[in-house]
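So the sequence shown is numbered by UniProt numbering: it starts at 1 and just counts up by one. Glycine included, every Cβ here is placed at the ideal spot set by N, Cα and C. Computed from a predicted model, the values in this text were never measured in an experiment. These notes are about the structure you will find just below.
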Amino acid sequence: MIYNAAKQSTGVSVSNSNFWIQSQRPYSPEAVDLALQRWSGISDPIRVEAVLVPCVMEDEPKAVSFNLSENEHYMVDIASKLSATDSSHVLVSRTVGKTSSEIRFYFPAPDVQLVSDLSNNVVGCRGDGNINRVINKRASYISGQTIYGDAILANVGYTRRDSELQTENVTLCTYYRTLLGKMPDGIYKISKDSILVAELPCVYSRTSWKGPSPRDLLCSFCRLQRLSEPYFTVNKVSASCNVPGSAVCSEEMGSLKTAKQSQCAKDGRIDKENPDVFKCYVKIFSKKRELLLEYSTDDNWSKESDAIQNSALKVLIWFNHYFKQLNTHMEKLYLPKSTDGFTIYPNIFLQEFAMCLSVYGKSSGGDSGTCSAVGPFTMDTSQQQLENSAFLTDIDGQDSGVFPSHGSLTCISYSVYVLMKDKRKKYLLEVNNEFEFEIGAGAVRTQLESCITQLSVDQSASFVDELSDRDLILAAASELSPDLSKISRDSCVLEFSVKVLQVTEPMEDRMEKALFSPPLSKQRVEFAVRHINQLHATTLVDFGCGSGSLLDSLLEHPTTLEKIVGVDISRKGLTRAAKSLHQKLSKKLLMQSNVPAAVLYHGSVTDFDSRVYGFDIGTCLEVIEHVEEDEASLFGSVVLSSFCPAVLIVSTPNYEYNPILQRSAMPNKEEEPEENTGPCKFRNHDHKFEWTRAQFQHWATGLAASHSYSVEFSGVGGSGEEPGYASQIAVFRRMTRDQEESSPKEDDPRQPYEVLWEWANASMPSN
């Protein structure tokens, strides 16, 4: 169209063999004088760094540079690097990256076969089939437009605001960061200035989320992928029977349902009987407004903003999981039409992300940790956090006693190196002097969190981990050496040096401390100590001991215990527990001789182990709410029928007490929950449920009746009057058996648990 218009215009001439338009008007004398004055001076050439992106996917991008002089147009140098005929054969893309960016791709104009209709004085192109160039998939994907042949990514040129030539170096790090920014978690990593450590969190909380909000991240992701803006629909629904995560309220008060399906506890200050809550639905459209993905959920939220942010995060997590699969061959790629609240339209989806699939399918070079054959994946991200324990070296600093725990806001400093095994060299990749994240939210790589939870404030340590994806390494490295371009998981590892700077305790603990003195955690320990001494118990097993807080606290009280045992599925928690118990027992040994034996077992509390059979007392304090309801019921059945402790003490939060705790937490004005805005929340985002008194008692009485135990109910925190104790407790007591009756487990020899740490009674610890 431009060519045909030029042919009919005066003052310009065109070529009949190609798209070449030239002005026939001479330059004005003033313009000629100005140009001569500028070129007459002698000045040093300007060196500009750029990146050459080959169109052949097997060829790696590489750094290039060119020297610009004032008496020659910069496009001449670019044309030379691209082996183009002259500067008129170089095309320029739209800007890449941020709105303020002047980075562009420069690429040779494709050869176009023209069709001339002399009778109508019209020249046209036969279509893309007659363009004699290979499409550059990487450059096309990054820029969002079709780019042919090898391309140069550079920041050079004139702007409307400046008459002088503007330049800025573009490095390989710039290229890989631009590529990373198009990933669902890339913008989050870049905003945190933490490429190798930060991960997209699996949960959203207004009090602990750092960086751009999930909604902003999703909007940026859609823009960078050239999709339409995400469409959010928020519905207001009655919450008379709903709480966060609820669908429909059960009308059976006696049935075993979670607090997600129970009435929210009513408080005197809440005068709205049926407050409203919000649900948010998300739709993602292509640039042609074709629907490619929609997300709907039964989760309810008391604030409209929370509904939007949590739904946006779910969609981001889905995209992130999907992008991790993209080294899979197209024919093996699994794209379910419906899963976990998502409805996918595969034809539109794959059409929209075709270029993306071809780019990421090659970018990792087979060195990525992602799988090679993909099936359906679950959105339960909290269960996908691997239990890897980092092997720490060079632990430095005294134990301050303040450890990060699940839900705590932790601030660290760290540095990351790539370590070449054969050459014994290491290169600094990333440094962050102040990085804050929430423990247990999936906000950092798993091995780093495992390391951090073993250190106290002001302690530092080092550990090694497997190499990250190569593109991440190159995006993190500010300076690339020849060695870094050849890294692989066979020849390199990452070395992390970390230090814990500050720990802010979880919101649940802050709420409890604001209202109770001593805190609920100490009140639960004192409750257990009273029963231990009343029973003259000599053996105790703590099911789900975690980092050993109960066992550690019991050593501070005089008891009749001769042996204490902890069982947990988390190696990370048990490592912390071993460290703490070892220090406390060592000090206790110096002051007195009657030190109890102690053992920590790694294993599931739903697997029977004969070494834990028939203890005097078993405890399970604030544990069952961290697993699904059916697992909590299985735990109760296994403990009472197989382990058979004489007494079992189980505590769990009383959901009806939550409004009082949340009002006493004294948040700042931005975080202050509004009254009458809907149902109260769980005390911790990791809780799978929280029961009312009626639900807890229904669960406990059913277990007791099934396994020949009696049960009585009590609690700590509060007076016990409405709405009950803050932490509700069930005490199971084994009924006396007939002398001839024996447990089928007494002769069961199974011992599946692994001894992680042991302190023998002979006053010497053993591992």
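- Within the region 125 to 185, the alpha helix (DSSP H) runs of at least 4 residues that lie entirely inside it are, in chain order, 137 to 143 and 172 to 180.
- Of the residues assessed, L227 falls on the buried side of the cut-off, its CB having 16 or more other CB atoms within 10 angstroms.
- Around the beta carbon of Y204, a 10 Å sphere encloses 16 or more other beta carbons of the protein chains shown; the residue is thus reported as buried.
- Taking C-alpha positions only, Q325 is separated from D616 by approximately 51 Å.
- Below 8 Å, too few C-beta pairs join the region 481 to 500 and the region 177 to 194 to call them touching: fewer than three.
- Within the region 415 to 440, the beta strand (DSSP E) runs of at least 3 residues that lie entirely inside it are, in chain order, 425 to 438.
- In the DSSP assignment, F635 falls within the alpha helix (DSSP H) that extends over E629 to V638.
- Taking a C-beta distance under 8 Å as the contact criterion, V498 and C451 qualify as a contact pair.
- Counting along the chain, the unbroken alpha helix (DSSP H) around H698 starts and ends at R693 to S706.
- Minimum Cα-Cα distance from R510 among the listed residues L409, V529 and V500 corresponds to L409.
- With respect to A704, L520 sits apart: the two C-beta atoms are not nearer than 8 Å.
- Under DSSP, the beta-bridge partners assigned to F543 are V567.
- Only residues of its own chain outside the window of five on either side were considered, and among them R104, F105, S143, Q145 and I147 have a CB closer than 7 Å to the CB of S93, listed in chain order.
- The way I'd put it, the region 167 to 184 doesn't touch the region 449 to 469; fewer than three beta-carbon pairs between them come closer than 8 Å.
- Boundaries of the alpha helix (DSSP H) around D306: E304 to F323.
- Excluding residues up to 5 positions away in sequence, L293, Y295 and W318 lie with their Cβ nearer than 7 Å to the Cβ of F342 in the same chain.
- Proximity to Q22 across T10, F353 and Y158 peaks at T10, based on C-alpha coordinates.
- Taking C-beta atoms as the reference points, C620 and F543 count as a pair closer than 8 Å.
- For Q662, the three-state secondary structure derived from DSSP is helix.
- A Cβ-Cβ contact shorter than 8 Å links G397 with Q459.
- DSSP, reduced to helix, strand and coil, places A760 outside both helices and strands of the structure shown, so it counts as coil.
- Partner residues in the beta bridge of E495, as assigned by DSSP, are Y417 and V464.
- Assignment of K283 by DSSP, reduced to helix, strand and coil, places it in the strand class.
- For V76, the enclosing alpha helix (DSSP H) starts and ends at Y74 to K81.
- Secondary structure at K192: coil, using DSSP grouped into helix, strand and coil.
- Nearest to H707 by alpha-carbon distance, out of R693, V716 and G636, is G636.
- Residue environment analysis places G440 among the buried positions, since at least 16 neighbouring C-beta atoms fall within 10 angstroms of its C-beta.
- A distance below 8 Å between beta-carbons, with the five flanking residues on each side excluded, links E656 to the following residues of its chain, in chain order: A265, T692, R693, P723 and G724.
- Counting of Cβ neighbours within 10 angstroms places A31 among the exposed residues, the total staying below 16.
- Comparing alpha carbon positions, the residue from H89, F221, S405 and L217 closest to T575 is S405.
- In the structure shown, N4 falls within a helical segment according to DSSP collapsed to helix, strand and coil.
- S468 and F323 have their C-alpha atoms roughly 15 Å apart.
- If you draw a 10 Å sphere on the C-beta of K314, you find 16 or more other C-beta atoms in it, and that means buried.
- The beta carbon of D394 sits closer than 7 Å to those of A461 and S462, all from its chain and outside the five residues before and after it, given in chain order.
- Assignment of beta-bridge partners to R47 by DSSP yields N67.
- With contacts defined as CB atoms closer than 8 Å, V565 and V599 qualify as a contacting pair.
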